[in-house]
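Structure first, commentary second.
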Amino acid sequence: YQFKVVPLINSVESSKTKTVSAATLKKLNRPTLKKYSTTKVKASWTKISGATGYQVKQFKSTGKTSKGSSYKTTGSYKVMKAAKKKSFYYRVRPYYKTSSGKYIYGPWSNYRTYKLK
């Protein structure tokens with residue numbers, strides 16, 4: 168068997184070769200951030216065609232070793248908890264869920280920083 172993992176819009180699976188042909192999902196613009204409540208931030212973006220959902224990531228800092236919270240949604244926004252007076256970094260990427268239940272992800276957007284006051 169040969170496998171190739173790529174972001175996709177539509178999948179065509181062949182039972183003989185087990186390969187997937189795909190078109191790439193587009194990179195989203197940085198999410199728009201605003202205060203939702205005293206302890207929550209709302210991240211929003213523009214939906215793109217071909218995506219069945221979106222993954223949003225919230226970080227305390229940027230970098231390869233940064234760990235953060237990850238959220239999935241099918242909508243065009245996500246509300247997340249955030250600590251007051253601390254800066255958080257946010258980014259979003261589209262995904263496509265295949266008929267077999269696997270997720271194929273597009274590229275991450277650039278970071279956007281937000282600090283709850």
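Residues in the sequence shown are numbered from 168 upward in steps of one, following this note's numbering.
The beta-carbon is built from N, C-alpha and C at its ideal position, and this holds for glycine as well.
Treat the numbers as computed from the prediction; the structure is a model and nothing was measured.
What residue from L192, K224, G273 and T213 has the CA that sits closest to S279's CA?
For this step, residue 279 is matched to residue 112 along the sequence shown. Residue identity check: residue 279 is Arg in the sequence provided, not Ser. For the residues L192, K224, G273 and T213, the minimum Cα distance to R279 belongs to K224.
Sub-8 Å separation of Y157 and V208 beta-carbons
Since the first residue shown for the chain is 168 and the last is 284, residue 157 is missing from the structure and cannot be characterised.
Going by DSSP, what residue range makes up the beta strand (DSSP E) through R258?
As a working mapping, residue 258 is identified with position 91 in the sequence shown. That run of the beta strand (DSSP E) goes S254 to K264.
Distance, K202 Cα to T191 Cα:
As a working note, residue 191 is residue 24 in the sequence shown. As a working note, residue 202 is residue 35 in the sequence shown. Looking at the two C-alpha atoms, the distance is approximately 32 Å.
Give the C-beta separation of G220 and K245 to the nearest angstrom, bearing in mind that I take them to be a contact with Cβ-Cβ under 8 Å.
Walking along the sequence shown from the start, residue 220 turns up at place 53. Walking along the sequence shown from the start, residue 245 turns up at place 78. Incorrect: roughly 11 Å between the Cβ atoms, too far for contact.
Given a cut-off of 8 Å on the beta-carbon distance, is the pair R260 and L200 in contact?
Here residue 260 corresponds to residue number 93 of the sequence shown, with the count starting at 1. Here residue 200 corresponds to residue number 33 of the sequence shown, with the count starting at 1. Not a contact, by the Cβ cut-off of 8 Å.
If you check the beta carbons only, do M247 and S236 fall under 8 Å apart?
On the sequence shown, residue 247 is found 80 positions in, with the first residue counted as 1. On the sequence shown, residue 236 is found 69 positions in, with the first residue counted as 1. Their beta carbons are under 8 Å apart, which means M247 touches S236 by this criterion.
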